[in-house]
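So the structure is just underneath, and the comments pick up after that.
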Amino acid sequence: MVKRIISLVLALLFALFAYFQFNDPDPAIWVSIYGYVAVIGFLAFMQKFYKIPTLIGILICGSGMLYLLPSVYDWLSNHSDVSLLYGMAPDKPYIEESRECGGLFIALLGMVYFYFQGKN
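Residue numbers (numbering that gives the first Met the number 0): 0 to 119.
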C-alpha cells in the first residue's frame, strides 16, 4: 500500500511539473517528458507495470542527461560562482542546460523507482 501511495504522490508531482512547463520556451519537450513520467506513475499506482515503456523513459532521461552533462561541467568548472537561480541569458546557456539536466535527473529517479517497483 505504501508503494502505491508513493507512486500516486510521484505521479501527481510529475503532472504538476508538466503543468508548470507550459510557460517554458520549449514546453513540448518538457511537458512530454514530465507527462510521460506522470503516466507511468499513475499506471504504477493502478498496479499496472510496463517494463518496456519504463525502460524507454529511463533511456530518454539518461540520454538527455548525458547530452547536457558538458554544460553542467562547464558551469561547475568555469562559472560556479553563477547561481542556477540566475535568469536565463543567451550568453549563459550553461544555466538553462544545467537546470534541464537536473530536471532529467529527477525524472530519471522517478522512472527508476517505477521500474523497480514493477519488478517486485
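For glycine and all other residues, C-beta sits at the position ideal for the given N, C-alpha and C.
- Listed in chain order, the alpha helix (DSSP H) runs fully inside the region 54 to 119 are 92 to 118, counting runs of at least 4 residues.
- Lys2 sits in a helix when the DSSP states are folded into three classes.
- For Tyr35, the closest C-alpha among the options Asp73, Pro24, Asn77, Tyr49 is that of Tyr49.
- Looking only at Tyr112, Gly56, Ser70, Val81, the smallest Cα-Cα distance to Ser31 is reached by Gly56.
- If the five residues before and after Gly40 are omitted, its C-beta is found closer than 7 angstroms to the C-beta atoms of Ser6, Leu9, Ala10, Phe13, Gly109, Phe113, all from its own chain and listed in chain order.
- Per DSSP, Tyr49 lies in no alpha helix (DSSP H) segment and is marked neither H nor E.
- Gln46 is classed as exposed because its beta carbon has fewer than 16 other beta carbons within 10 Å across all chains shown.
- By the Cβ-count criterion, Ala88 is exposed, with fewer than 16 other Cβ atoms from all chains shown falling within 10 Å of its own Cβ.
- When the beta-carbon positions are compared, Met64 and Leu107 come within less than 8 angstroms of each other.
- CA-CA distance, Ile51 to Gly102, rounds to 22 angstroms.
- For the pair Ala37 and Gln116, the CB atoms are not nearer than the 8 angstroms cut-off.
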